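Asker: So in our numbering, spot 200 of the sequence shown is number 347, and the numbers just go up one at a time.
Backbone N, C-alpha and C fix where the C-beta goes; we use that ideal spot for every residue, glycine too.
Treat the numbers as computed from the prediction; the structure is a model and nothing was measured.
One structure, as structure tokens, below. Some questions next.
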Amino acid sequence: MIPRVLTVAGSDSGGGAGVQADLKTMLALGVHGMSVLTAVTAQNSTGVQGAWELPVAAVRAQYRSVVDDIGVQAVKTGMLASAELVEAVAELLSGSDAPAVVDPVGVSKHGDPLLAASALDSVRTKLLPVATVATPNLDEVAQLTGVRVRSADDLRRAAGAVLEFGPRWVLIKGGHLTGDAVDLLTDGSEEHRLWAPRHDNRHTHGTGCTLASAIACGLARGRTVPEAVTAAKEYVTGAIAAGFALGAGIGPVDHGWALRRDAR
Ligand code: PXL
């Protein structure tokens with residue numbers, strides 16, 4: 148049976164990030180994608196023009212509908228907006244055996260807030276403990292732990308600080324450092340450094356959502372965390388290389404790049 152993967156995240160009306168990025172990634176990677184919408188954003192290549200979160204009851208109901216009938220082999224979480232939603236989602240995940248990839252989304256590419264400051268503590272104490280893999284970028288690491296990463300040498304300290312909140316693995320995304328894109332994946336005993344060349348392309352909207360979803364796709368297929376993360380990094384690097392201009396601002400990564408490669 149086809150692996151089934153669920154995203155619990157916000158809608159990006161521009162189609163580059165959020166639930167739209169997640170579902171496109173899942174299609175490209177050959178799994179059945181499903182969604183629990185947590186919030187709706189009015190958004191385009193220039194920024195976020197508005198955001199509205201859904202009631203907790205609507206999030207719970209979507210999750211139960213999907214999980215109790217169709218079943219899931221992996222879950223990815225993205226924008227959760229508020230402390231109430233973070234706590235409700237953490238509780239739902241704690242009742243499931245499916246691996247969970249938690250992308251602790253704080254702000255959009257343009258710096259617009261996607262998580263209330265009052266929700267940070269719920270992310271630390273409720274959501275991270277139920278994560279199989281957490282995938283913070285450097286701004287999210289600083290927000291959650293206070294550790295400021297200035298060079299690749301600081302990644303290990305950042306990872307240790309996130310692991311203290313209880314995820315099984317953490318992937319610290321060093322993409323915002325200068326030079327090549329180096330990430331650190333660790334569970335506190337094994338350490339993997341993932342390297343990719345930096346592509347000279349400003350059209351990177353949706354990178355984080357796409358990576359986290361691709362990891363969930365690998366886990367749903369029964370891959371180990373290091374295998375799933377390595378394959379996901381390769382997919383997102385190709386998507387960044389093929390990112391394209393849309394609108395007046397930052398365009399999306401190209402979720403379909405691997406489909407076209409495979410169709411040749
Ligand atoms: O990449 C973080 C993110 C998550 N979820 C939604 C977003 C964004 C970034 O723009 O719009 C809905």
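#1: Report whether the distance from the Cβ of residue 204 to the nearest heavy atom of the ligand PXL is below 7 Å.
#2: At what residues does the alpha helix (DSSP H) containing residue 366 begin and finish?
#3: When the Cα of residue 304 is compared with those of 288, 313, 315, 314, which residue comes out closest?
#4: In three-state terms, what does DSSP make of residue 169?
#5: Taking 8 Å as the threshold (C-beta atoms), are residue 310 and residue 332 in contact?
#6: Please determine, among 156, 160, 174, the residue with the shortest C-alpha to C-alpha distance to residue 404.
#7: Beta carbon of residue 384: closer than 7 Å to some heavy atom of the ligand PXL?
#8: Thinking just about the alpha-carbon of each residue, which of 199, 349, 376, 382 is nearest to the one in residue 391?
#9: Are there 16 or more other CB atoms within 10 angstroms of the CB of residue 148, so buried, or fewer, so exposed?
#10: Any heavy atom of the ligand PXL within a distance shorter than 7 Å of the CB on residue 273?
#11: Note the first and the last residue of the continuous alpha helix (DSSP H) segment covering residue 230.
#12: Using the Cβ count rule (16 or more neighbours within 10 Å means buried), how would you classify residue 384?
Answerer: For this structure:
#1: Counting from one through the sequence shown, the residue named residue 204 turns up at place 57. No.
#2: Along the sequence shown, read from residue 1 onward, the residue named residue 366 stands at position 219. In the DSSP assignment, residue 366 falls within the unbroken alpha helix (DSSP H) covering 354-367.
#3: As a first step, residue 304 is located in the sequence shown; it is residue number 157 there, counting from the start. Nearest C-alpha to residue 304: 288.
#4: Looking up residue 169 in the sequence shown gives position 22. Annotated three-state conformation of residue 169 is helix, per DSSP.
#5: Within the sequence shown, residue 332 is the residue found at index 185, counting from 1. Within the sequence shown, residue 310 is the residue found at index 163, counting from 1. For the 8 Å CB-CB criterion, residue 332 and residue 310 do not form a contact.
#6: For the purposes of this step, residue 404 is taken as the residue at position 257 of the sequence shown. It is 174 whose Cα lies nearest to the Cα of residue 404.
#7: Along the sequence shown, read from residue 1 onward, the residue named residue 384 stands at position 237. Within the chosen limit of 7 Å, the ligand PXL does not reach the beta carbon of residue 384 with any heavy atom.
#8: Position 244 of the sequence shown holds residue 391. Per the C-alpha coordinates, the member of 199, 349, 376, 382 positioned closest to residue 391 is 349.
#9: Reading the sequence shown from its first residue, position 1 is the one you call residue 148. Residue 148 counts as exposed, since fewer than 16 other C-beta atoms from the protein chains shown sit within 10 angstroms of its C-beta.
#10: For the purposes of this step, residue 273 is taken as the residue at position 126 of the sequence shown. No, Cβ of residue 273 sits at least 7 Å from all heavy atoms of the ligand PXL.
#11: Counting from 1 along the sequence shown, the entry for residue 230 is found at position 83. 230-241 is the span of the alpha helix (DSSP H), which, as asked, contains residue 230.
#12: Working through the sequence shown from its first residue, we reach residue 384 at position 237. Residue 384 is buried by the Cβ-count criterion.
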